Each structure stands twice: as structure tokens, then as C-alpha cells.
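Visitor: The structure under discussion is supplied below as C-alpha cells; questions concerning it will follow.
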Amino acid sequence: MSFRCVACCTPYHTAGRLSIPSPVKADKRTKAKKSCEVCGSESTRLYRVKIDARDWTLVCDACWPAIRDEPGYTYGGTWTTRKR
106 MSFRCVACCT PYHTAGRLSI PSPVKADKRT KAKKSCEVCG SESTRLYRVK IDARDWTLVC
166 DACWPAIRDE PGYTYGGTWT TRKR
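My numbering applies: residue 106 is where the sequence shown begins, and numbers increase by one.
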């Protein structure tokens, strides 16, 4: 049961305990974004690809079709933000 304290009248004072929202929890609620290693744009969905024997690269939706047609292309999965 939630009530408002008469002494301090703050909306965070509930059930005899002060509960202030944590900035860490607020950061978890925002969608994380990573940047594309080809064009540098931030995205919530990136594709992990490898071309020939190079290292894995994260590319966005716009860059992926051009890279997908190159010889030696290997798809390694999709990175997306976690939805809760």
C-alpha cells in the first residue's frame, strides 16, 4: 500500500521507506546503441559479418546488402538491443 507522508510530502516516500529511482536502473531502460564499423551510424540492430579472413565486423542495415554480395562473406549473427 502506498501513502504520502505528512511530514515530508515527497512522492518517493512510500510505506515508511524512501525509494528514490536509481540512475543505474534508468540507464538499463534506455536502448543501447552500437555504431556501424563501415559508415559509423548508430543502430539498435547490427549484423556480425566476416569478409575473407578478416576479423568480425558489425554493420548496419544500410551497409549489409553491399557487403553480403562480396566474395568470402560469412554471416555471424544479428546483434540487437535486449527488449524487456
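Idealized CB from N, CA, C, for every residue including glycine. In this text the structure is predicted, and so the values were computed from the model without any measurement.
1) Between the Cα of cysteine 165 and those of Ala158, Lys138, Tyr152, spot the shortest distance and give me the residue it belongs to.
2) Measuring alpha carbon to alpha carbon, tell me which of Arg159, Thr185, Gly182 ends up nearest glutamate 175.
3) Taking the alpha-carbon positions, what's the threonine 183 to serine 148 distance?
4) For leucine 163 and threonine 186, what's the separation of their Cα atoms in angstroms?
5) Buried or exposed, going by whether 16 or more other CB atoms sit within 10 Å of the CB of cysteine 144?
Guide: Short version:
1) Tyr152
2) Arg159
3) 12 Å
4) 14 Å
5) exposed
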